[in-house]
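Notes follow once the structure below has been shown.
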Amino acid sequence: ETGVTQSPTHLIKTRGQQVTLRCSSQSGHNTVSWYQQALGQGPQFIFQYYREEENGRGNFPPRFSGLQFPNYSSELNVNALELDDSALYLCASKQLPSGANVLTFGAGSRLTVL
Amino acid sequence: AQSVTQLGSHVSVSEGALVLLRCNYSSSVPPYLFWYVQYPNQGLQLLLKYTSAATLVKGINGFEAEFKKSETSFHLTKPSAHMSDAAEYFCAVSGLDSGGGADGLTFGKGTHLIIQP
Chain Z
623 ETGVTQSPTH LIKTRGQQVT LRCSSQSGHN TVSWYQQALG QGPQFIFQYY REEENGRGNF
683 PPRFSGLQFP NYSSELNVNA LELDDSALYL CASKQLPSGA NVLTFGAGSR LTVL
Chain C
3 AQSVTQLGSH VSVSEGALVL LRCNYSSSVP PYLFWYVQYP NQGLQLLLKY TSAATLVKGI
63 NGFEAEFKKS ETSFHLTKPS AHMSDAAEYF CAVSGLDSGG GADGLTFGKG THLIIQP
């Protein structure tokens, strides 16, 4: 089975720009979530998509938005980039319904905002 | 609300020595608990999980963790450290997610494990 794949692996943007990150979920998984991992910190939950709708969100502003497609892949969009948005963005997938929140993570997209 | 505290941002042990990484959690619902490992420039790999079955959980690479409700702890151990265990380790907590809503995983800040030869 294929794992979670993310693209691009690295990218550099400037303040005020917009970015789109992409994620393909693991085969057989129907739910995708996104996490932000700042340098030296643990990952923080951004949001989760299930059945193409956002069904959970962490403490992130509306300029962080996403999509899930019928094939369960997903995009994370960030508008009006700020310097503090520099981080590793991790995508994770799982199969719902499931009693345990067991996620499979991708290798991440490292975003640098200058 | 849920939170995780990992005691010690860096832990150093000698090769062959016992590894003990500490994790304490708080949760308003029965928790699911996880340990993940992250190698440089990689994503997170699940080491083990506690999902309300046996309190002593065995994971991959010889790691295990014990859920102690009275102490709200889920410490990770390995009897004998190997050089390849050097990595960042994250403890995480979540509640049940049956599809009706999700709060995601709440992670600790991580513990960097250093293995000395």
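Heads up: the sequence lines are chains Z and C, in that order. Each number in the numbering used here comes from the position in the first sequence (counting from 1) with 622 added on. Each number in the numbering used here comes from the position in the second sequence (counting from 1) with 2 added on. The beta-carbon is built from N, C-alpha and C at its ideal position, and this holds for glycine as well.
Taking 8 Å as the CB threshold, C/D105 lines the interface with chain Z. Using a CB distance cut-off of 8 Å, C/L58 does not count as an interface residue toward chain Z.
For C/G106, the closest alpha carbon among the candidates Z/T734, Z/K635, Z/E697, Z/G680 is that of Z/G680. Within chain C, the residues whose beta carbon sits less than 9 Å from that of Z/V724 are Y34, F36, L48, K51, T53, listed in sequence order.
When CB distances to chain C are screened at a threshold of 9 Å, the residues of the stretch 657 to 675 of chain Z falling below it are Y657, Q659, G662, Q663, G664, P665, Q666, F667, I668, F669, Q670, Y672, R673, in chain order.
For Z/S655, the uninterrupted beta strand (DSSP E) segment begins and ends at 653 to 659. Assignment of C/N63 by DSSP, reduced to helix, strand and coil, places it in the helix class. With a threshold of 8 Å between beta carbons, Z/F727 makes contact with chain C. By the Cβ test, the stretch 86 to 95 of chain C is in contact with the stretch 31 to 44 of chain C, since at least three Cβ pairs between them sit closer than 8 Å. Taking a C-beta distance under 8 Å as the contact criterion, Z/S655 and Z/L725 qualify as a contact pair. When the Cα atoms are used, Z/F669 and Z/Q658 turn out to be separated by approximately 10 Å.
Interface annotation, C/F92: in contact with chain Z, CB-CB separation under 8 Å. Under the Cβ distance rule, Z/L712 counts among the residues neighbouring chain C, one pair being separated by less than 8 Å. Between the alpha carbons of C/K60 and Z/E675 lies a distance of about 35 Å. Taken atom to atom, the span from the alpha-carbon of Z/P692 to that of C/A83 is near 44 Å. Burial state of Z/Y694 is buried, judged by a 10 Å Cβ sphere holding 16 or more other Cβ atoms. Pairing C/K80 with C/L22, the inter-Cα distance amounts to about 7 Å.
In the structure shown, Z/L705 adopts helical secondary structure according to DSSP, grouped into three states.
Straight-line measurement puts the Cα of Z/R644 at about 16 Å from the Cα of Z/R685.
Residue contact with chain C for Z/G650: absent (no Cβ-Cβ distance below 8 Å to any residue of chain C).
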